[in-house]
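Residue numbers (the UniProt record's numbering): 1 to 76.
We put the beta carbon where it would ideally sit given N, CA and C, even for glycine.
Nothing here was measured: the structure is a model prediction, and the numbers come from that model.
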């Protein structure tokens, strides 16, 4: 990646994978379908239920909705 962005994206991906492994995927899946279901549930939880210190204790979904409201009302 010539622009250096890839390094930041990789760090973000590694962080997310670590959270998934440490906090949500401690149960062993019996098959691929069960693993996919566990993964989808944990991602939903991270985005909609888990409060993030870096987001001032809001969920990513709350921050995203605020951003949408701000731009849809023309306050950019």
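Beta-carbon separation of residue 27 and residue 20 under 8 angstroms? Within the chain shown, residue 27 is the residue found at index 27, counting from 1. Within the chain shown, residue 20 is the residue found at index 20, counting from 1. No.
Could you tell me whether the Cβ atoms of residue 63 and residue 55 are closer together than 8 angstroms? By one-based count along the chain shown, residue 63 stands at place 63. By one-based count along the chain shown, residue 55 stands at place 55. Yes, the pair counts as a contact, with Cβ atoms nearer than the cut-off.
Does residue 51 come out as helix, strand or coil in the three-state DSSP assignment? Here residue 51 refers to the residue found at position 51 when the chain shown is read from its first residue. In this structure, residue 51 counts as coil in the three-state DSSP scheme.
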